[in-house]
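Undergrad: There's a structure below that I have some questions on.
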Amino acid sequence: MHIGLQRQVALVTGASSGIGAGVAEALAEAGAAVVLNYRSQREPAEALARRIVERGGQAIAVGADVGEEAAVERLFEAALNAFGRLDILVANAGLQRDAPFGEMTLAQWTEVLNANLTGQFLCARAAVRQFRRQGVCADVSRAAGKIIHMSSVHEFIPWAGHVNYAASKGGVKLLMQSLAQEVAAERIRVNGIAPGAIATAINSEVVQDPLQHRKLLSLIPYGRVGEVEDVARAAVWLASDASDYVVGATLVIDGGMGLYPGFRDGG
Ligand code: NAD
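Throughout, the numbering used here is defined as the position within the sequence shown, counted from one, plus 53.
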């Protein structure tokens, strides 16, 4: 099966590192023109855009905090000015500010909810408005627009010490499903990806520490920590016409982490 995203424009938030960078690169390899959003890490985002262009693709890097309404408007305007349309949004930007519940500050709670949940709302709303302006394509096997919400296995696995993060991802799950239900008749496809442990900056301390790494592996039946490419390949499929009948689904990419691994010995 050939998956091509030629003549499509994708916007990926939080694309200066980790999963977002990997997804943006994979979408560009599949032929899409990509808008790489970053918040503060301008250099790596611009370097990735340059690499994509050097390989014959199309890419720009645009700074914006996804939790700020006006900044999100400017981000989408920049995307349209550069490429004239939008076909795919990957709402990926996210962060953790961990603390035991009794010590969690309102600032930690608000920062995480703002980036991880409000940011996904603002970007999805801007994308839906743009898809509506573009209208429905005559080809019924093609969506009028695609949105992928980057969630986490913590949309269904509770996570002590990370209540703000788990609450944000639980929110993303029902944001995604409710939006998918609301806009499906307009042939706008909304889906989610729930990664398990993927080696990126967000968890580098855990992955690099041998003891914590072993503990993490005990939670992953498939026996390895995920790579950015594991998620990127799935995102390309979910953004493509190959998944045209997939609506309101969460693709769990976690090496089996969500399968209650504590029960795997049948005890
Ligand atoms: P990462 O830290 O490498 O990437 C997160 C990116 O989001 C960064 O580039 C950061 O600058 C950006 N960002 C954060 N707040 C932002 C804001 N307000 N505006 C714009 N950009 C902002 O980590 P990652 O692992 O690549 O995380 C990407 C997404 O995947 C996040 O939503 C995260 O919750 C999710 N996720 C990651 C894992 C994992 O194990 N790595 C697992 C499940 C879900």
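Cβ atoms here follow ideal geometry from the backbone N, Cα and C, with glycine treated the same way.
On the CB-based measure, 16 or more other CB atoms within 10 Å of its CB, does N5 come out buried or exposed?
TA: Outside the displayed span of the chain (54 to 320) sits residue 5, for which this structure offers no information.
Undergrad: Say yes only if the C-beta of S293 is nearer than 7 Å to one or more non-hydrogen atoms of the ligand NAD, and no if none qualify.
TA: S293 Cβ: outside cutoff for every heavy atom of the ligand NAD.
Undergrad: Given a cut-off of 8 Å, decide if S293 and I56 are closer than it, judged by their beta-carbon atoms.
TA: Against a cut-off of 8 Å, the Cβ pair of S293 and I56 comes out as a contact.
Undergrad: For V119, which three-state DSSP category applies?
TA: Coil at V119, not helix or strand.
Undergrad: Beta strand (DSSP E) containing N244: first to last residue?
TA: Unbroken beta strand (DSSP E) run through N244: 241 to 248.
Undergrad: Given a threshold of 16 other Cβ atoms within 10 Å of its Cβ, counted over all protein chains shown, does Y313 qualify as buried or as exposed?
TA: The residue is exposed, with fewer than 16 neighbouring Cβ atoms inside 10 Å.
Undergrad: Beta-carbon within less than 6 Å of F184's beta-carbon, same chain only, minus the 5 sequence neighbours each way: which residues are those?
TA: Result list for F184: A197, G198, I241, in chain order.
Undergrad: Please confirm if the region 177 to 196 is in contact with the region 160 to 168, defined as three or more CB-CB distances below 8 Å between the two stretches.
TA: Short answer: they don't touch.
Undergrad: In this structure, how does DSSP classify N145 when only helix, strand and coil are distinguished?
TA: Looking at N145 - three-state DSSP - the assignment turns out to be coil, as it is neither helix nor strand.
Undergrad: Just to confirm the assignment: which complete alpha helix (DSSP H) runs, minimum length 4, are found wholly within the region 224 to 291?
TA: The qualifying runs are 257 to 261, 263 to 270.
Undergrad: Please list, in chain order, all residues of the same chain as D118 whose beta carbon is under 6 Å from its beta carbon, the five residues on each side excluded.
TA: Contacts found: R92, A124.
Undergrad: Select from V143, Q94, R103, M203 the residue whose C-alpha is nearest the C-alpha of V65.
TA: Ranking the options by Cα distance to V65, first place goes to V143.
Undergrad: Using 8 Å for Cβ pairs, my map puts P211 next to I306. What's the rounded Cβ distance?
TA: Actually they do not touch by this definition, with Cβ atoms about 19 Å apart.
Undergrad: So, A285 versus E99, is the Cβ gap smaller than 8 Å?
TA: Not closer than 8 Å, so no.
Undergrad: Is T163 helix, strand or coil when you go by DSSP?
TA: DSSP places T163 in helix when its eight states are reduced to three.
Undergrad: Straight-line CA distance for N145 to L89?
TA: In a straight line, the C-alpha of N145 is about 11 Å away from that of L89.
Undergrad: Could you give the residue range of the beta strand (DSSP E) that holds G319?
TA: It is not in any beta strand (DSSP E) - G319 carries neither H nor E in the DSSP assignment.
Undergrad: Can you name, in chain order, every residue of its own chain whose Cβ lies under 8 Å from the Cβ of V299, other than the five neighbours on each side?
TA: Excluding positions up to five away in sequence, the list reads R242, N244, L291.
Undergrad: Within the continuous beta strand (DSSP E) that includes A86, where are the two ends?
TA: 86 to 91 is the extent of the beta strand (DSSP E) around A86.
Undergrad: Apply the 10 Å Cβ neighbour rule to T253 and answer buried if 16 or more other Cβ atoms are within range, or exposed otherwise.
TA: The residue is buried, with at least 16 neighbouring Cβ atoms inside 10 Å.
Undergrad: If you follow the alpha helix (DSSP H) that L80 is part of, which residue opens it and which one closes it?
TA: Run containing L80: 71 to 82, per the alpha helix (DSSP H) assignment.
Undergrad: Could you check the C-alpha separation between A220 and T163 for me, to the nearest Å?
TA: The straight-line gap from Cα to Cα measures roughly 11 Å.
Undergrad: Using alpha carbons as the reference points, say which of I246, L264, R317, V236 lies closest to Y275.
TA: For the residues I246, L264, R317, V236, the minimum Cα distance to Y275 belongs to R317.
Undergrad: Could you tell me whether any non-hydrogen atom of the ligand NAD is closer than 7 Å to the CB of S69?
TA: For the ligand NAD, at least one heavy atom lies less than 7 Å from the Cβ of S69.
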